[in-house]
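Okay, so here's the structure we're looking at.
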Amino acid sequence: MNNRKKVPMRKCVATGEMMPKKELVRVVRSKEGEVSVDLTGKKSGRGAYLSKDKEAILLAKKKNVLSTHLSAPIEDAVYDELLTLVEKEKQ
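Residue numbers (my numbering): 1138 to 1228.
Written out as structure tokens, the structure reads:
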């Protein structure tokens, strides 16, 4: 028996790729309908995962994927926050 933990996998809503949860960022819609970037991965609400990749984020924005998944309008500020986050991680 191996004691290695199973890596939790999640699907990027933009690219459709299955990836380890750590490589994705979660975006959440709360009961009140507020959409925010969930850095802890523990906020309650409807979540959608995106690759920590500029292309994936821009694709999601273009196709309005997050809005569809979360059934809520997504403000540009959320995408800006995601892009900023991705840029910081690359450094």
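Ideal Cβ positions, reconstructed from N, Cα and C, are used throughout, including at glycine. As the structure is a prediction and not an experimental result, all values here were calculated from the model.
> Are the CB atoms of Ile-1211 and Val-1162 nearer to each other than 9 Å?
Replying inline: For the purposes of this step, residue 1211 is identified with residue 74 of the sequence shown, where counting begins at 1. For the purposes of this step, residue 1162 is identified with residue 25 of the sequence shown, where counting begins at 1. No Cβ-Cβ contact shorter than 9 Å links Ile-1211 with Val-1162.
> Thinking C-beta only, is Ser-1167 closer than 9 Å to Ser-1173?
Replying inline: Looking up residue 1173 in the sequence shown gives position 36. Looking up residue 1167 in the sequence shown gives position 30. The answer is yes: Cβ separation under 9 Å.
> Quick one, which of Ser-1188, Asp-1213 and Lys-1179 has its alpha-carbon nearest Lys-1148's?
Replying inline: One-based indexing of the sequence shown puts residue 1148 at position 11. Cα-wise, what sits closest to Lys-1148 is Ser-1188.
>> Which same chain residues end up closer than 7 Å to Ala-1197 when comparing Cβ atoms and leaving out the 5 residues on each side of it in sequence?
In response: Taking the sequence shown and counting its residues from 1, one reaches residue 1197 at position 60. Around Ala-1197: Val-1150, Ala-1151, Leu-1187 and Leu-1203.
> Is Val-1223 near Asp-1190, with beta carbons less than 9 Å apart?
Replying inline: Sequence index remark: in the sequence shown, residue 1223 carries index 86 (1-based). Sequence index remark: in the sequence shown, residue 1190 carries index 53 (1-based). Contact: yes.
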